[in-house]
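J.: If you count the sequence shown from 1, position 40 lands on 103 in my numbering, and the numbers rise without skipping.
Idealized CB from N, CA, C, for every residue including glycine.
One structure, as structure tokens, below. Some questions next.
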Amino acid sequence: MTRLVIISNRVAVAKARGAAGAQGGLAGALNSALKEHGGIWFGWSGQESEDEAGSMNLQRSDGVTTATIDLPGRDIDEYYNGYANSTLWPLFHYRLDLTEYERETGKGYERVNERFAEAVVPLIEADDLVWVHDYHLIPLGGALRARGVSNRIGFFLHIPWPPTRLFVSLPFHERLVRTMLEYDLIGFQTSEWRDSFLHYCSKELNAEVDEDSGTVRFEGRSVIARTYPIGIDWDHFQTQGRTGESRNAHQRLLSSSRERTAMIGVDRLDYSKGLPERIDGIGRFFDQHPDRVRDLVFIQIAPPSREDVKSYQDIRLLLEQKTGQINGARSEVDLVPIRYVNRGYSHAELFGFYRGSKIGLVTPLRDGMNLVAKEYVAAQDPDDPGVLILSRFAGAAEQLNVNGQGAVMVNPYSPDDISDAISLALDMPLAERKARYEAMIATIRDDNVQSWTERFCTDLKA
Ligand code: ADQ
Numbered sequence: 064m065t066r067l068v069i070i071s072n073r074v075a076v077a078k079a080r081g082a083a084g085a086q087g088g089l090a091g092a093l094n095s096a097l098k099e100h101g102g103i104w105f106g107w108s109g110q111e112s113e114d115e116a117g118s119m120n121l122q123r124s125d126g127v128t129t130a131t132i133d134l135p136g137r138d139i140d141e142y143y144n145g146y147a148n149s150t151l152w153p154l155f156h157y158r159l160d161l162t163e164y165e166r167e168t169g170k171g172y173e174r175v176n177e178r179f180a181e182a183v184v185p186l187i188e189a190d191d192l193v194w195v196h197d198y199h200l201i202p203l204g205g206a207l208r209a210r211g212v213s214n215r216i217g218f219f220l221h222i223p224w225p226p227t228r229l230f231v232s233l234p235f236h237e238r239l240v241r242t243m244l245e246y247d248l249i250g251f252q253t254s255e256w257r258d259s260f261l262h263y264c265s266k267e268l269n270a271e272v273d274e275d276s277g278t279v280r281f282e283g284r285s286v287i288a289r290t291y292p293i294g295i296d297w298d299h300f301q302t303q304g305r306t307g308e309s310r311n312a313h314q315r316l317l318s319s320s321r322e323r324t325a326m327i328g329v330d331r332l333d334y335s336k337g338l339p340e341r342i343d344g345i346g347r348f349f350d351q352h353p354d355r356v357r358d359l360v361f362i363q364i365a366p367p368s369r370e371d372v373k374s375y376q377d378i379r380l381l382l383e384q385k386t387g388q389i390n391g392a393r394s395e396v397d398l399v400p401i402r403y404v405n406r407g408y409s410h411a412e413l414f415g416f417y418r419g420s421k422i423g424l425v426t427p428l429r430d431g432m433n434l435v436a437k438e439y440v441a442a443q444d445p446d447d448p449g450v451l452i453l454s455r456f457a458g459a460a461e462q463l464n465v466n467g468q469g470a471v472m473v474n475p476y477s478p479d480d481i482s483d484a485i486s487l488a489l490d491m492p493l494a495e496r497k498a499r500y501e502a503m504i505a506t507i508r509d510d511n512v513q514s515w516t517e518r519f520c521t522d523l524k525a
């Protein structure tokens, strides 16, 4: 069988089981694909190296080899905090207002991609399938080709691809996309992101594009762009839901919310997730229905992420302020309307919290997919399911908005829309909740992360 070489910014080794935390499903799926195919997972260790050279750390466990390198402090600043998280992340989430355009960090980004290529090339064997992940490593395919790697190389983008008129604000945009055309297969979460990419290739590069097959022909090479919506690790998640830890979390949530309906949000603390806008929507709901403060408790779980980047420090402050304002205005001695929890939980605990919450509020301003939406539905009791409220701007909307059934769709920028959706969900009769749940559950169960991995690898091989 062909070996698999996975390359991503960070390597999520299955150390202690369940400790993979925020990467849970994806890490598990890639680990199991690696176990099946045999192969290597290569990436940054997350550590800063003492010197420029940096050595490689190889580890083998359960038939999977992980290879990591440390990065010098300057590389971490320029590549990771800089270009990846202060330029590409905001730009690809349509946030030109937060995007920084610094030539120096752009150089650092290219330098680290070269460093990655240099380190990983000796590990690649003739028939290996190479699979590169996400926006940190867009130019890696080109860097590998320049070193003579002629294997099949695929790339998957976990985040959106922006519309051409936004993307061209990036200095050297053409240089970046040209490197992408060195891959054999490029995967996107939704057809919207794929179409934006094809549009760019045709309009800005004058490439020959076949929309149906997703083929892009350019300067003698051809690459295929397709959609592979990522899913959750259904079996693993259900197993987590049967643990004592999960049942405990479920009980804790129920007993603490008493007669009130619990509504939950679970996100990395990131401006793309629409958290302040969500709080505004909840504020609007309480303004419009002051008598319902006693019916609803909102629980927001949001562990901080990327804390070295200023826009992330800002969003945290803003969220604390907005939550504090509503709680200040609406709390009673025995009641706090919003519980804001600044930490992460295991998937077992999240399962229990989702299960105990009759409303799941997932309102990103823009999101590649959003697996929390799928996890929320997967954790529901089929005989008494809760209601998912979902942003139309999440990639998951392409699958979970099924002819007006499925999730209750909202525009996350509109507090009135969020308020209306909460009203609808609070009063929704059981029959409708079941019908909406039924419309979503098959795709969440069957289009899981294993079938996602398989589809991508099969196409890459072909
Ligand atoms: P993320 O932006 O991190 O991922 P998401 O898909 O919602 O977003 O979450 C990934 C995982 O993190 C989920 O399994 C979730 O349970 C976990 N997680 C999120 N918040 C958590 C919390 N507060 N505590 C514990 N765990 C938490 C990126 C893209 C997404 C895309 C994924 C996968 O931004 O659009 O869906 O990659 O491709």
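1) Pick out whichever of 478, 435 and 450 has its Cα sitting closest to the Cα of residue 457.
2) Cα separation between residue 304 and residue 411?
3) Tell whether a beta-carbon distance below 9 angstroms holds between residue 334 and residue 156.
4) State the DSSP-derived secondary structure class of residue 256, mapped to helix, strand or coil.
5) To the nearest angstrom, report how far apart residue 387 and residue 343 are at their CA atoms.
6) Please classify residue 360 as buried or exposed, where buried requires at least 16 neighbouring CB atoms within 10 angstroms.
7) For the alpha helix (DSSP H) containing residue 289, list its first residue and its last residue.
8) Helix, strand or coil, according to DSSP, for residue 196 in the structure here?
9) Out of curiosity, what's the CA-to-CA distance linking residue 402 and residue 440?
10) Please report the straight-line C-alpha distance between residue 96 and residue 413, rounded to a whole angstrom.
11) Considering residue 271, what are the terminal residues of the alpha helix (DSSP H) in which it resides?
12) Could you tell me if residue 240 is buried or exposed, where buried requires 16 or more neighbouring beta carbons within 10 angstroms of its beta carbon?
13) Starting from the Cα of residue 431, find the closest Cα among 419, 454, 422 and 510 and give me that residue.
14) Just checking residue 513 against the ligand ADQ - is the residue's beta carbon closer than 8 angstroms to any of the ligand's heavy atoms?
15) Terminal residues of the continuous alpha helix (DSSP H) containing residue 104?
16) DSSP beta-bridge partners for residue 134?
17) Using the Cβ count rule (16 or more neighbours within 10 Å means buried), how would you classify residue 357?
18) Is residue 433 buried or exposed, if buried means 16 or more other CB atoms sit within 10 Å of its CB?
19) Contact check, residue 316 vs residue 420 under 8 angstroms by CB: the rounded distance?
20) Just to confirm my understanding: we take residue 438, look at its own chain, exclude 5 residues before and 5 after, and list those with CB closer than 6 angstroms. What are they?
21) If we call anything under 9 angstroms between Cβ atoms a contact, is residue 451 one with residue 471?
22) Under 9 angstroms between the Cβ atoms of residue 236 and residue 267?
23) Who are the near neighbours of residue 488 in its chain, counting only those whose CB is closer than 7 angstroms to its CB and skipping five residues on each side?
24) Which value, in whole angstroms, describes the spacing of the CA atoms of residue 213 and residue 117?
25) State the DSSP-derived secondary structure class of residue 468, mapped to helix, strand or coil.
26) Would you check if the region 143 to 155 and the region 115 to 132 touch, i.e. whether three or more CB-CB distances between them fall below 8 angstroms?
27) Classify residue 350 as buried or exposed, calling it buried when 16 or more other Cβ atoms lie within 10 Å of its own Cβ.
28) Hey, would you say the C-beta of residue 330 is under 8 angstroms away from at least one heavy atom of the ligand ADQ?
29) Give the secondary structure of residue 120 by DSSP, where H, G and I count as helix, E and B as strand, and everything else as coil.
30) Can you grab the Cα-Cα spacing for the pair residue 515 / residue 474, in whole Å?
31) Between which two residues does the alpha helix (DSSP H) carrying residue 348 extend?
32) May I ask you to check if the CB of residue 433 is nearer than 8 angstroms to at least one heavy atom of the ligand ADQ?
33) Nearest to residue 158 by alpha carbon, out of 112, 482 and 229?
34) For residue 418, which residues from the same chain have a beta carbon less than 6 angstroms from its beta carbon, with the 5 sequence-adjacent residues on both sides left out?
35) Inspect the beta-carbon positions of residue 148 and residue 372 and report whether they are closer than 9 angstroms.
36) Does the region 182 to 194 touch the region 159 to 174, meaning 3 or more C-beta pairs lie closer than 8 angstroms?
T.: According to the structure data:
1) Comparing C-alpha distances from residue 457 to each of 478, 435 and 450 shows the shortest one belongs to 435.
2) For residue 304 and residue 411, the distance between alpha carbons rounds to 6 angstroms.
3) Yes.
4) Residue 256: helix per DSSP, three-state reduction.
5) For residue 387 and residue 343, the distance between alpha carbons rounds to 12 angstroms.
6) Per the 10 Å Cβ criterion, buried.
7) No alpha helix (DSSP H) contains residue 289, which is instead part of the beta strand (DSSP E) from 284 to 290.
8) Three-state DSSP puts residue 196 in a strand.
9) In this structure, the alpha-carbon of residue 402 lies about 21 angstroms from that of residue 440.
10) Going from the Cα of residue 96 to the Cα of residue 413 covers about 25 angstroms.
11) That residue, residue 271, is in no alpha helix (DSSP H); its beta strand (DSSP E) goes 271 to 273.
12) Burial state of residue 240 is buried, judged by a 10 Å Cβ sphere holding 16 or more other Cβ atoms.
13) For residue 431, the closest alpha carbon among the candidates 419, 454, 422 and 510 is that of 454.
14) Result no, Cβ not under 8 angstroms from the ligand ADQ.
15) According to the DSSP assignment, residue 104 belongs to no alpha helix (DSSP H) but to the beta strand (DSSP E) extending over 102 to 111.
16) DSSP output for residue 134 lists 111 as bridge partner(s).
17) Residue 357 should be labelled exposed.
18) Buried, since its Cβ has 16 or more Cβ neighbours within 10 Å.
19) Your pair residue 316 and residue 420 checks out as a contact, with CB atoms roughly 7 angstroms apart and the cut at 8 angstroms.
20) Once the five neighbours on either side are set aside, the close Cβ partners of residue 438 are 295.
21) Yes.
22) Cβ atoms of residue 236 and residue 267: closer than 9 angstroms.
23) Closer than 7 angstroms at the Cβ level, and outside the excluded window around residue 488, lie 422, 450, 452 and 471.
24) Within the model, the alpha-carbon separation for residue 213 versus residue 117 is close to 26 angstroms.
25) It is a strand residue.
26) No, the region 115 to 132 is not in contact with the region 143 to 155.
27) It is exposed - the Cβ of residue 350 has fewer than 16 other Cβ atoms within 10 Å.
28) Indeed, a heavy atom of the ligand ADQ lies less than 8 angstroms from the Cβ.
29) Of the three classes helix, strand and coil, the one that applies to residue 120 here is strand, per DSSP.
30) Going by C-alpha positions, residue 515 is about 28 angstroms away from residue 474.
31) For residue 348, the uninterrupted alpha helix (DSSP H) run begins and ends at 338 to 351, by DSSP.
32) Checking the Cβ of residue 433 against the ligand ADQ gives yes.
33) Cα-wise, what sits closest to residue 158 is 229.
34) Excluding sequence neighbours, residue 418 sits near 313 and 442.
35) Yes; because the gap between Cβ atoms is below 9 angstroms, this pair is in contact.
36) No, the region 159 to 174 is not in contact with the region 182 to 194.
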